[in-house]
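Note sheet for the following structure.
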Amino acid sequence: MTELSFGEKLLIARKQLDLYSYQMAELLGVHPNSITKYERGEGKPHAAVVRMFDLLCEKHNIRFDEFETGSATAAKGDKMKIVLAEKVSPATLAVFAAEPGWEVLTHDQLPNGLPAALADADALVVRSAVQVDDALMEHAPKLRVIGRAGVGVDNIDAEAATRRGVVVMNTPGANAVAVAELTIGLMLALARKLPTANSTMHAGKWEKKSLQGAELRGKTLGILGLGRIGLEVARRARGFGLDIIGSDPFVSAAIARENGIRLVALDEVIAGSDYITLHVGLTPQTAGVINAKSLALMKKGVRIINCARGELVDEAALVAALKSGHVGGAALDVFTVEPPKDSPYAEFDNVILTPHIAGSTAEAQEAVGLQIAMQVREYLKLGVVQNAVNLPSLSHEEYVQLAPYIDLAGRLGSFLAQACKCGIEAIDLTYGGALAEAKTDLVRNAAIEGLLQGSENVNRINSAAIAQERGIRVHEEREESHRGGAATVLTINLHTSAGASHATATVIHGEQPRLLEFDGIDIEAPLEGNLLVCRNLDVPGVIGKIGTILGEQGVNIANFALGRERTGDKPVKALAVVQVDAPVSSAVLDALMTIEALLETKLVQL
Numbered sequence: 000m001t002e003l004s005f006g007e008k009l010l011i012a013r014k015q016l017d018l019y020s021y022q023m024a025e026l027l028g029v030h031p032n033s034i035t036k037y038e039r040g041e042g043k044p045h046a047a048v049v050r051m052f053d054l055l056c057e058k059h060n061i062r063f064d065e066f067e068t069g070s071a072t073a074a075k076g077d078k079m080k081i082v083l084a085e086k087v088s089p090a091t092l093a094v095f096a097a098e099p100g101w102e103v104l105t106h107d108q109l110p111n112g113l114p115a116a117l118a119d120a121d122a123l124v125v126r127s128a129v130q131v132d133d134a135l136m137e138h139a140p141k142l143r144v145i146g147r148a149g150v151g152v153d154n155i156d157a158e159a160a161t162r163r164g165v166v167v168m169n170t171p172g173a174n175a176v177a178v179a180e181l182t183i184g185l186m187l188a189l190a191r192k193l194p195t196a197n198s199t200m201h202a203g204k205w206e207k208k209s210l211q212g213a214e215l216r217g218k219t220l221g222i223l224g225l226g227r228i229g230l231e232v233a234r235r236a237r238g239f240g241l242d243i244i245g246s247d248p249f250v251s252a253a254i255a256r257e258n259g260i261r262l263v264a265l266d267e268v269i270a271g272s273d274y275i276t277l278h279v280g281l282t283p284q285t286a287g288v289i290n291a292k293s294l295a296l297m298k299k300g301v302r303i304i305n306c307a308r309g310e311l312v313d314e315a316a317l318v319a320a321l322k323s324g325h326v327g328g329a330a331l332d333v334f335t336v337e338p339p340k341d342s343p344y345a346e347f348d349n350v351i352l353t354p355h356i357a358g359s360t361a362e363a364q365e366a367v368g369l370q371i372a373m374q375v376r377e378y379l380k381l382g383v384v385q386n387a388v389n390l391p392s393l394s395h396e397e398y399v400q401l402a403p404y405i406d407l408a409g410r411l412g413s414f415l416a417q418a419c420k421c422g423i424e425a426i427d428l429t430y431g432g433a434l435a436e437a438k439t440d441l442v443r444n445a446a447i448e449g450l451l452q453g454s455e456n457v458n459r460i461n462s463a464a465i466a467q468e469r470g471i472r473v474h475e476e477r478e479e480s481h482r483g484g485a486a487t488v489l490t491i492n493l494h495t496s497a498g499a500s501h502a503t504a505t506v507i508h509g510e511q512p513r514l515l516e517f518d519g520i521d522i523e524a525p526l527e528g529n530l531l532v533c534r535n536l537d538v539p540g541v542i543g544k545i546g547t548i549l550g551e552q553g554v555n556i557a558n559f560a561l562g563r564e565r566t567g568d569k570p571v572k573a574l575a576v577v578q579v580d581a582p583v584s585s586a587v588l589d590a591l592m593t594i595e596a597l598l599e600t601k602l603v604q605l
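Under numbering that gives the first Met the number 0, the residue at position 515 of the sequence shown is numbered 514, and the numbers go up by one with no gaps.
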């Protein structure tokens, strides 16, 4: 049997040592991207890297004889059944077909239906049409992995898959170039009025004088969201001589600088851009980010491009701004309702509409299919998990025990992210009590997911990788000591561009998440629902005024938790976490800030 390549050996070693790519990269002294390339068979490692790898394998007694002779793990790939439930590209099929002994069924080879085909299947690959719910998985007792050829996994019950020990993988970023190229194309089309020029020419008209356009050179491009797509847009925009500014609380300044982006606050992007392009995920914080208030702050004549989610734009507000002439044009590939009916944009010559085609290129679809095939293959052969949306390493019993703390971690991370709202530079996690002895990968990733909740395509598996990709350091510690009467606690220390913040929480009665401390102030408050986090000077009357104003605004209080900080013997600052029945408006927050002793008030939605 042919000797394994360096990349194949690297995959095996990482599996046996249970290391992430960035951890192996640190051990070998290379960039994490190099590890990915080696494992894909791309590039040749330097002799010094090979030597470091050999020493690492020698130190940990990692041998490859059994893999080279076709026994042990290599034999695991001999007999596999793959079900491709939807149409895929020939390249996708070829990846699986190249494996000796693997049985591959395509969507048109299921005479008895999908459930029957899954009875002895090891892997299932779908796109967006097949609904992979718990009932379908009931027919697949041997299923080990579900591959989604695309980003969204709305059609897959990931929680049910986790309970059944099935890995769910997707392919984020495979269509990033396609989306970025359309974004640049739409910018050019807006600047040069290409749709109007084309339609008038087809109508036999010669409208040269009325079609004077503008150059992109020297203009300011504002990018909201600097994930894979946002960065690809920036790389291409530099070639047009655009000044690029961007806002993303989950990207480090170093990553932004490397891509020629000046990292600024959201308000500065809104107010300072000639073109604004949206590349953020849909969250409660980003929904309607383009609204009447933000539009009023924009430059007159600004042009807006949206290839992300339709819900990011308040349709009525944008239509009003287009009618008034404040917005000079818009290019929209996505809509709140798709396909849109009786679109109010149809009347505008300066609005370009496309039917959600940003990722629809032959190359992108090929890349998505090829990527998921390679991921599924590597998992079945070597147990290497890439781009998973759940965690397969827990037994059912372990999952049941950890589930409340996984939920707690996500809530605590989300709490800190919303209460601080600053650029994240580093995250320190401390597990206390029973968590110190548990498998905490999913707890860690849930916490990071909560902290990066507004980031692009973040989930409980890829959150750690996304943090590392964006220059955010993640550190974990375990301690046996308990805090107060809580046997098991989680502490998150968050290092941001505005300073440090930390919080500690636990689960009581087996299911109720509770905040125990926030920024040095002990407090017990529920981590659920709508929370008003109020920091104030510890002086008389503040609590009563908060209650009075909320009452006057028609806001019902469900829970009111208090804590205070002491410097020496004298209290100086206090904290109130007020749980209310429904989200409050900005007007309510403004009313609360009229209290003289109140330093800060933020709404946190969990």
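Quick reminder that beta carbons are idealized off the backbone N, C-alpha and C, glycines included.
Measuring only the C-alpha atoms, how far is residue i from residue j?
i: A179; j: V232; result: 5 Å
i: N386; j: L210; result: 46 Å
i: D427; j: A357; result: 37 Å
i: T657; j: A116; result: The chain is shown only over 0 to 605; residue 657 falls outside these bounds and no answer can be derived.
i: K299; j: I522; result: 47 Å
i: L135; j: P114; result: 6 Å
i: L10; j: L331; result: 42 Å
i: E468; j: C421; result: 18 Å
i: A73; j: L379; result: Reliability fails at A73, whose pLDDT of 37 lies under 50, so the model's placement of it is uncertain and the value that follows must be treated cautiously. Answer to the nearest angstrom: the Cα atoms are 10 Å apart.
i: G42; j: A90; result: 22 Å
i: C419; j: R256; result: 23 Å
i: D266; j: I594; result: 25 Å
i: S33; j: R39; result: 10 Å
i: G221; j: G328; result: 15 Å
i: A408; j: G449; result: 8 Å
i: V442; j: N389; result: 12 Å
i: L92; j: A581; result: 50 Å
i: A196; j: L526; result: 56 Å
i: L3; j: R13; result: 15 Å
i: S272; j: R261; result: 12 Å
By Cβ distance below 6 Å, which residues in the same chain neighbour residue i in space, the five residues on each side in sequence not counted?
i: L225; result: G245, D247, V250
i: R308; result: L281, V333
Counting along the chain, where does the beta strand (DSSP E) carrying residue i start and finish?
i: A84; result: No beta strand (DSSP E) contains A84, which DSSP labels as neither H nor E.
i: V301; result: 301–305
i: E510; result: Segment: none, E510 is in no beta strand (DSSP E) and carries neither H nor E.
i: C56; result: Careful: C56 lies outside any beta strand (DSSP E), inside the alpha helix (DSSP H) at 46–58.
i: R147; result: 144–147
i: M168; result: 166–168
i: V488; result: 488–495
i: T600; result: 597–604
i: A524; result: 520–525
Write down the C-beta distance between residue i and residue j rounded to the nearest angstrom, noting that I regard them as a contact closer than 8 Å.
i: I304; j: I289; result: With a Cβ gap of about 11 Å, I304 and I289 do not count as contacting.
i: L591; j: A573; result: At roughly 14 Å, the Cβ-Cβ gap does not stay under 8 Å, so L591 and A573 are not in contact.
i: H138; j: A160; result: Rounded, the Cβ-Cβ distance is 14 Å, inconsistent with contact.
i: L549; j: I542; result: That pair is no contact at about 11 Å.
i: R376; j: E98; result: 7 Å
i: I371; j: A148; result: 5 Å
i: C306; j: L230; result: Rounded, the Cβ-Cβ distance is 14 Å, inconsistent with contact.
i: R237; j: G259; result: 5 Å
i: V165; j: V144; result: 7 Å
i: L515; j: T503; result: 5 Å
i: A84; j: L142; result: At roughly 12 Å, the Cβ-Cβ gap does not stay under 8 Å, so A84 and L142 are not in contact.
i: V554; j: V603; result: Contact flag wrong, Cβ pair sits at about 15 Å.
Tell me which residue opens and which closes the alpha helix (DSSP H) that residue i is part of.
i: D440; result: 440–450
i: Q467; result: 462–468
i: E551; result: 541–551
i: E267; result: 265–271
i: G431; result: Here G431 belongs to no alpha helix (DSSP H); instead the beta strand (DSSP E) covers 423–431.
Quick one: what's got a C-beta closer than 7 Å to residue i's C-beta in the same chain, skipping five residues either side?
i: T335; result: G309, E310, E314
i: A486; result: G432, A433
i: V29; result: V48
i: A497; result: C421
i: A320; result: L294, V326
Does residue i come within less than 8 Å of chain D when only Cβ atoms are used?
i: A255; result: Judged by its chain identifiers, the structure shown contains no chain D, having just a single protein chain.
Any heavy atom of the ligand HEM within a distance shorter than 7 Å of the CB on residue i?
i: A213; result: For the structure depicted, the ligand HEM is absent and the ligand set is empty, with no information on it obtainable.
So, at 8 Å on beta carbons, what are the nonlocal neighbours of residue i in its own chain, with the 5 sequence-adjacent residues on each side left out?
i: S88; result: Q364, E365, G368, L369
i: D121; result: M79, K80, I81, K141, L142, R143, V144, L379
Item to check | Runs of beta strand (DSSP E) lying entirely within the stretch 181–261, each at least 3 residues, in chain order | outcome: 219–223, 242–246
Item to check | Segments of 3+ residues assigned as beta strand (DSSP E) that fall wholly inside the stretch 302–379 | outcome: 326–331, 350–352
Item to check | Segments of 3+ residues assigned as beta strand (DSSP E) that fall wholly inside the stretch 97–130 | outcome: 101–104, 122–125
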